[in-house]
Structure formats: C-alpha cells, structure tokens
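A short write-up of the structure that comes next.
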Amino acid sequence: MKLDREIILQTLSGYAEVNRIVENERRIRLRTRTDRESLAIFAELYRTWECPEKDGQWERLAQLRLQDHARLRAAFEAAARKRGEL
13 MKLDREIILQ
23 TLSGYAEVNR
33 IVENERRIRL
43 RTRTDRESLA
53 IFAELYRTWE
63 CPEKDGQWER
73 LAQLRLQDHA
83 RLRAAFEAAA
93 RKRGEL
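As structure tokens, this is what we get:
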C-alpha cells in the first residue's frame, strides 16, 4: 500500500495545529491555577501511590519508563533501517 505524501503532510500539519491549540490552553489553565490547587492535585496523585518511596516504587516506575523508551527507540530504528534511512 502506497501512502499519499500530500495526505500525510496535511495530517501532520493538522496534528501540529491541534498541538499548538492544546498547549496554549494548557498554558492558560496553568497560569490561573493557584498554589493551593496545584498542591491538592499533587497530594491526590501522591496519595494514589501510597508513599511509593518506602517500597522503592519510584525507582521501579523510572525503570519501566526507561524500558518503554528503549523499546520505542529500537522499534523506530528498526523501521528506519528497513526503509534504508539508517
């Protein structure tokens, strides 16, 4: 199946525009958030982990994220090699 270059470029342009809009909305939302609201959000997120530092959960989460990034990078590199880009 051959991909249409113009459709891909239009799609990517649309994604970029959506990202700009979402980022602008995020900036507005963060600018109006109070310290109290920020702390409440943090406290709620922290509570869901039930003090992970005592179990080493933060380290485990960091390791899982690194593994995910490494797998994703390997997949992109394999795809690039297959296309002759590496």
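Note that this note's numbering has the sequence shown beginning at 13, numbered continuously upward.
The beta-carbon is built from N, C-alpha and C at its ideal position, and this holds for glycine as well.
- Item | Simplified DSSP assignment, three categories, for Thr-44 | In the sequence shown, the residue the question calls residue 44 occupies position 32. Thr-44: helix per DSSP, three-state reduction.
- Beta-carbon gap between Ala-3 and Leu-98 smaller than 7 Å: Absent from the structure is residue 3, since the part of the chain shown begins at 13 and ends at 98.
- Query: Start and end of the alpha helix (DSSP H) containing Arg-85?
  - Reply: Numbered from its first residue, the sequence shown carries residue 85 at position 73. Judged by DSSP secondary structure, Arg-85 falls within the alpha helix (DSSP H) whose first and last residues are 69 to 94.
- Query: What number of angstroms, rounded off, separates the C-alpha of Ile-53 from the C-alpha of Arg-95?
  - Reply: Position 41 of the sequence shown, counting from 1, holds the residue named residue 53. Position 83 of the sequence shown, counting from 1, holds the residue named residue 95. Spanning the alpha carbons of Ile-53 and Arg-95 requires a straight line of approximately 44 Å.
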